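> Residue numbers (this note's numbering), protein chains in the order written: chain A, 1 to 198; chain B, 199 to 396; chain C, 397 to 594; chain D, 595 to 792. Sharing a structure with you now.
4 protein chains.
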Amino acid sequence: MPKNRLEAFSDGVLAIIITIMVLELKVPHGTEPAALRPLLPVFLSYVLSFVYVGIYWNNHHHMLHATGRVSGSVLWANLHLLFWLSLVPFVTGWMGENHFAAIPVALYGVVLLMAAIAYWILQARIIAAEGPESRLARATRHDVKGRISPVLYLIAIGAAFIDTLISGAIYAAIALMWLVPDRRIERTLAGPAASPPG
Amino acid sequence: MPKNRLEAFSDGVLAIIITIMVLELKVPHGTEPAALRPLLPVFLSYVLSFVYVGIYWNNHHHMLHATGRVSGSVLWANLHLLFWLSLVPFVTGWMGENHFAAIPVALYGVVLLMAAIAYWILQARIIAAEGPESRLARATRHDVKGRISPVLYLIAIGAAFIDTLISGAIYAAIALMWLVPDRRIERTLAGPAASPPG
Amino acid sequence: MPKNRLEAFSDGVLAIIITIMVLELKVPHGTEPAALRPLLPVFLSYVLSFVYVGIYWNNHHHMLHATGRVSGSVLWANLHLLFWLSLVPFVTGWMGENHFAAIPVALYGVVLLMAAIAYWILQARIIAAEGPESRLARATRHDVKGRISPVLYLIAIGAAFIDTLISGAIYAAIALMWLVPDRRIERTLAGPAASPPG
Amino acid sequence: MPKNRLEAFSDGVLAIIITIMVLELKVPHGTEPAALRPLLPVFLSYVLSFVYVGIYWNNHHHMLHATGRVSGSVLWANLHLLFWLSLVPFVTGWMGENHFAAIPVALYGVVLLMAAIAYWILQARIIAAEGPESRLARATRHDVKGRISPVLYLIAIGAAFIDTLISGAIYAAIALMWLVPDRRIERTLAGPAASPPG
Chain A
1 MPKNRLEAFS DGVLAIIITI MVLELKVPHG TEPAALRPLL PVFLSYVLSF
51 VYVGIYWNNH HHMLHATGRV SGSVLWANLH LLFWLSLVPF VTGWMGENHF
101 AAIPVALYGV VLLMAAIAYW ILQARIIAAE GPESRLARAT RHDVKGRISP
151 VLYLIAIGAA FIDTLISGAI YAAIALMWLV PDRRIERTLA GPAASPPG
Chain B
199 MPKNRLEAFS DGVLAIIITI MVLELKVPHG TEPAALRPLL PVFLSYVLSF
249 VYVGIYWNNH HHMLHATGRV SGSVLWANLH LLFWLSLVPF VTGWMGENHF
299 AAIPVALYGV VLLMAAIAYW ILQARIIAAE GPESRLARAT RHDVKGRISP
349 VLYLIAIGAA FIDTLISGAI YAAIALMWLV PDRRIERTLA GPAASPPG
Chain C
397 MPKNRLEAFS DGVLAIIITI MVLELKVPHG TEPAALRPLL PVFLSYVLSF
447 VYVGIYWNNH HHMLHATGRV SGSVLWANLH LLFWLSLVPF VTGWMGENHF
497 AAIPVALYGV VLLMAAIAYW ILQARIIAAE GPESRLARAT RHDVKGRISP
547 VLYLIAIGAA FIDTLISGAI YAAIALMWLV PDRRIERTLA GPAASPPG
Chain D
595 MPKNRLEAFS DGVLAIIITI MVLELKVPHG TEPAALRPLL PVFLSYVLSF
645 VYVGIYWNNH HHMLHATGRV SGSVLWANLH LLFWLSLVPF VTGWMGENHF
695 AAIPVALYGV VLLMAAIAYW ILQARIIAAE GPESRLARAT RHDVKGRISP
745 VLYLIAIGAA FIDTLISGAI YAAIALMWLV PDRRIERTLA GPAASPPG
């Protein structure tokens, strides 16, 4: 099957997820700057989640760019990823409206962890179809970020019960780690489309 | 007419349907795990409906992949399907917020039944245009799932007035039945695009 | 400029308009059939507006299919049409929640009338670019429906102050008139893409 | 990387932003024309923001039409632009519901200013990739509008603390300035795709 509808549907869902989060920023009644102060934690969670969904869109874009055609199991692995990402607005709102309380901050990490696992499953399904010498397989062979992120999420989830500031710092650090461009992977992906003989 | 805009519009509507359902998961005020307990039935209905809309997107994807060009009546049959699917968030919310009471559970089944009928009409309109020897006609000739689903929905609707657990189990079973990949159809669809002489 | 992004953006906006209308169907608190009764006028307005937005999507689809490339003024004429259609959820909700009171029913007609005028402007801008012998110009030369609709909207707006049932009947009649396929136009559009020498 | 998914995702986000703003137009309870009067400032802000998002979509469309392929930094510059535009519904609602009070009117300008800066960064990233003799570089060399807008936003933000009518007039004037078609740029963009020797 061609991949264009998978991309279009994912783009649609990710575009909606990233945009409806802003609906949690409820219009305040007052008109002074002080009226905006209670919105600050909501706004900060929004920024964090916007960056995360942006990273997922970006990586999804790269991954599918390196993919030829998709199978039925890839469609479902993709829906599984979208399911966990669709919960991001909920945990973002819960975390933001409760000023980064322990349980909401931990649940935020759980959803991010599940999304990371779902992304890894999707990648594994695509590589299983594309073959071990495909561009995607080679580009992700030394995928340090993808391996370190789940560990960091687990630490952040545990840390939420000690100090949520630590969790927040870890979430921000993971986002930053992904934001920094990865020249090596871009180079591999930009390489010849045909798989080398190995 | 080319089918690309039909696909794009359907992708958009399905992406929005699958995503706005999460808005029913209202951010709770408390921050303890107990605050999430009242959300459990809402969450379970969300998961069920997410899988159903995912199945429809998946099947729609397969069906249109096997379709050449579309006529005016196909456009309307498609809108008819989207209409019933657009009611899924409403019945999902009603069912979830009322902890699976009889009438909401039955209405959930009615909307799924109507969507199944609408899907069948859309398929029939496409086959009418494509011809009885088209790939889609051959792939759906022995469509057991498509024939058994409406019967199961009817049973589940009736069972809601006896025990909603039965209905819930049937809805979950239908979803599982569709989730299991159907190698035979995939093989037929993956076959030669040109219709055999018959 | 190519027309694909104009189509994609319009598909997105129309998909959202048609879907967010269902959010007006607020989940009721009771679980008996009687709990759904107050939603009946909201549901009826939803069905009517769903059909109208569906008609606009359908006609938009046909019109752009018959169009080559688009100019800057066409982009703005298209945004103008989307603006009026974006008000449909608001007037639908106002009309439905007020059980078809006079002013909301009249305003519903005003928005439909403005959308019809905006559609006509968009069509005129495209024909101005495509030339009087283009497929679209020929297909719309004897556009009876497009000319009769604004007159009917005006009558329905006035009738709202006498009996809103008349207005409702007219709105439904206009929708039905557009639903009935127009073989002649489809045939012209299906004809040769190249403009005849005139 | 090809640019089609960047366009599709941006179209999706912009379509949602432009459409969810209408959700701020809350259905009033009364049915007389007077019931609509409190909505007038909300409606006026909606119209203004609709035009602004429309301008951004239009310019984004033109800019990417003149672009070949996109790099990773362009993807992030684009997400940065979408972030600021995603705040437009919030500031639109705050400004409209508070009848154009000073702080909301100023914040509206701040978000527009940040979006203008983000647009400029995106344009600069694309030009850096396309080269100084690319069509986009030539088309924006004498970009008076792009340079004058930030200055006007700054004046409008300051003026909000003297008289918000001045700010509103400036916002409307900037929108009008962008609405007026810019024949020179359209001509340059319509020119030969290959870059001239300079």
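From the three backbone atoms N, C-alpha and C, an ideal C-beta is built for every residue, glycine too. Quick caveat, the model's predicted, so the values are computed rather than measured.
So, helix, strand or coil for residue 359(B), using DSSP?
For this step, residue 359(B) is matched to residue 161 along the second sequence. In this structure, residue 359(B) counts as coil in the three-state DSSP scheme.
> Going by DSSP, what residue range makes up the alpha helix (DSSP H) through residue 605(D)?
By 1-based counting over the fourth sequence, the position of residue 605(D) is 11. First-last of the alpha helix (DSSP H) with residue 605(D): 598–614.
> Cα separation between residue 717(D) and residue 471(C)?
In the fourth sequence, counting from the first residue as 1, residue 717(D) sits at position 123. In the third sequence, counting from the first residue as 1, residue 471(C) sits at position 75. C-alpha separation (whole angstroms): 21 Å.
> Can you give me the C-alpha to C-alpha distance between residue 539(C) and residue 757(D), rounded to a whole angstrom?
Working through the third sequence from its first residue, we reach residue 539(C) at position 143. Working through the fourth sequence from its first residue, we reach residue 757(D) at position 163. Approximately 50 Å, taken between the alpha carbons.
> Quick one, which residues of the region 398–416 of chain C are near chain B if we go by CB-CB under 8 Å, in chain order?
So the close ones are 403, 404, 407, 408, 410, 411, 412, 414, 415, 416.
> So residue 454(C) contacts chain B; which residues on that side make the cut at Cβ distance below 9 Å?
On the third sequence, position 58 is the one that residue 454(C) refers to. By Cβ distance, chain B contributes 270, 273, 274, 277.
> Output the distance between the C-alpha atoms of residue 467(C) and residue 526(C), rounded to the nearest integer angstrom.
What you label residue 467(C) is simply residue 71 of the third sequence in a count that begins at 1. What you label residue 526(C) is simply residue 130 of the third sequence in a count that begins at 1. The alpha-carbon atoms of residue 467(C) and residue 526(C) are separated by roughly 10 Å.
> Please name the residues in the region 240–254 of chain B whose beta-carbon is closer than 7 Å to at least one beta-carbon of chain A, in chain order.
Under the 7 Å Cβ criterion, the region 240–254 of chain B contributes 248, 252.
> Going by C-alpha distance, which of 200(B), 324(B), 238(B), 242(B) is nearest residue 457(C)?
By 1-based counting over the third sequence, the position of residue 457(C) is 61. It is 200(B) whose Cα lies nearest to the Cα of residue 457(C).
> Can you grab the Cα-Cα spacing for the pair residue 202(B) / residue 23(A), in whole Å?
One-based indexing of the second sequence puts residue 202(B) at position 4. One-based indexing of the first sequence puts residue 23(A) at position 23. The alpha-carbon atoms of residue 202(B) and residue 23(A) are separated by roughly 31 Å.
> So which residues on chain A does residue 297(B) lean against when the C-beta distance must stay under 8 Å?
Here residue 297(B) is taken as the residue at index 99 of the second sequence, counted from 1. Under the 8 Å cutoff, chain A gives no residues; its nearest Cβ is about 19 Å from residue 297(B).
> Return the Cβ separation of residue 446(C) and residue 619(D) in integer angstroms, given the expectation that the two are a contact with Cβ distance under 8 Å.
Counting from one through the third sequence, the residue named residue 446(C) turns up at place 50. Counting from one through the fourth sequence, the residue named residue 619(D) turns up at place 25. Contact doesn't hold; Cβ gap of about 19 Å is too wide.
> Please report the residue range of the alpha helix (DSSP H) in which residue 692(D) lies.
Taking the first residue of the fourth sequence as position 1, residue 692(D) is located at position 98. Run containing residue 692(D): none; DSSP gives neither H nor E here.
> Evaluate the contact criterion for the region 561–578 of chain C versus the region 477–485 of chain C: three or more CB pairs, one atom per stretch, below 8 Å.
Cβ pair count under 8 Å is below three, so no.
> Could one say the Cβ of residue 197(A) lies closer than 8 Å to chain B's Cβ atoms, at least one of them?
By one-based count along the first sequence, residue 197(A) stands at place 197. Only weak support exists for where residue 197(A) lies, its pLDDT of 35 falling under 50; the coordinates are left without a value.
> To the nearest angstrom, report how far apart residue 608(D) and residue 702(D) are at their CA atoms.
For this step, residue 608(D) is matched to residue 14 along the fourth sequence. For this step, residue 702(D) is matched to residue 108 along the fourth sequence. Cα to Cα, the separation comes out at about 17 Å.
> So with CB distances below 9 Å, who are the chain B contacts of residue 488(C)?
Locating residue 488(C) in the third sequence gives position 92, counting from the first residue. Correct list: empty, because the minimum Cβ distance to chain B is about 13 Å.
> On a CA-only basis, which of 56(A), 166(A), 66(A) is nearest residue 136(A)? Give me that one, please.
Translated into the one-based positions of the first sequence, residue 136(A) becomes position 136. Residue 66(A) is the option with its Cα nearest to residue 136(A).
> Determine the extent of the alpha helix (DSSP H) in which residue 138(A) is found, giving its start and end residues.
Position 138 of the first sequence, counting from 1, holds the residue named residue 138(A). Element bounds for residue 138(A): 135–139.
> Chain B partners of residue 83(A), CB-CB under 7 Å?
Here residue 83(A) refers to the residue found at position 83 of the first sequence. Those are 248, listed as they occur along chain B.
> Given this structure, state the Cα-to-Cα distance separating residue 134(A) from residue 127(A), to the nearest angstrom.
Position 134 of the first sequence, counted from the start, is the residue given in the question as residue 134(A). Position 127 of the first sequence, counted from the start, is the residue given in the question as residue 127(A). So the alpha carbons of these two residues sit roughly 7 Å apart.
> With a CB to CB cut of under 6 Å and the five nearest residues on each side skipped, what residues in its chain are close to residue 310(B)?
Residue mapping note: residue 310(B) aligns to position 112 of the second sequence, counting from 1. Closer than 6 Å at the Cβ level, and outside the excluded window around residue 310(B), lie 351.
> Quick one: what does DSSP say residue 521(C) is sitting in, helix, strand or coil?
Working through the third sequence from its first residue, we reach residue 521(C) at position 125. In this structure, residue 521(C) counts as helix in the three-state DSSP scheme.
> Would you be able to state if there are at least three C-beta pairs under 8 Å between the region 292–300 of chain B and the region 36–56 of chain A?
As far as the Cβ criterion goes, the region 36–56 of chain A does not touch the region 292–300 of chain B, which means the pair count is below three.
> According to a CB-to-CB cut-off of less than 7 Å, which residues of the region 157–184 of chain A neighbour chain B?
Going along the region 157–184 of chain A in chain order, one finds no residue with a Cβ nearer than 7 Å to chain B.
> Just curious, the alpha helix (DSSP H) that residue 462(C) is in, first and last residue?
Working through the third sequence from its first residue, we reach residue 462(C) at position 66. It is not in any alpha helix (DSSP H) - residue 462(C) carries neither H nor E in the DSSP assignment.
> If you drop the 5 nearest sequence neighbours on each side, which residues of the same chain put their C-beta closer than 8 Å to that of residue 521(C)?
Walking along the third sequence from the start, residue 521(C) turns up at place 125. Correct list, in chain order: 467, 469, 470, 473.
> Nearest to residue 423(C) by CA position, among 405(C), 436(C), 478(C), 452(C), is which residue?
Position 27 of the third sequence, counted from the first residue, corresponds to residue 423(C). The shortest C-alpha separation from residue 423(C) is found at 436(C).
> Quick one: is residue 715(D) near chain A, going by C-beta distance under 8 Å?
Against the fourth sequence, residue 715(D) aligns to sequence position 121. No, no contact with chain A.
> Name the two residues that bound the continuous alpha helix (DSSP H) containing residue 72(A).
Walking along the first sequence from the start, residue 72(A) turns up at place 72. It spans 72–86 - the alpha helix (DSSP H) in which residue 72(A) sits, taken as one unbroken run.
> Which residues in chain B have a C-beta closer than 9 Å to the C-beta of residue 86(A)? List them in chain order.
Your numbering for residue 86(A) matches position 86 in the first sequence. Within 9 Å Cβ-Cβ: 216, 217, 219, 220, 244, 248.
> Give, in chain order, every residue of the region 695–728 of chain D whose Cβ lies closer than 9 Å to some Cβ of chain A.
If the cut-off is 9 Å between Cβ atoms, the region 695–728 of chain D has 695, 696, 697, 698, 701 near chain A.
> Looking at chain B, is there any beta carbon in it that lies within less than 8 Å of the beta carbon of residue 532(C)?
Taking the first residue of the third sequence as 1, we reach residue 532(C) at position 136. It does not; no Cβ of chain B falls within 8 Å.
> Might you give, ordered along the chain, the residues of its own chain that have their beta carbon closer than 7 Å to the beta carbon of residue 493(C), omitting 5 neighbours on each side?
Looking up residue 493(C) in the third sequence gives position 97. 438.
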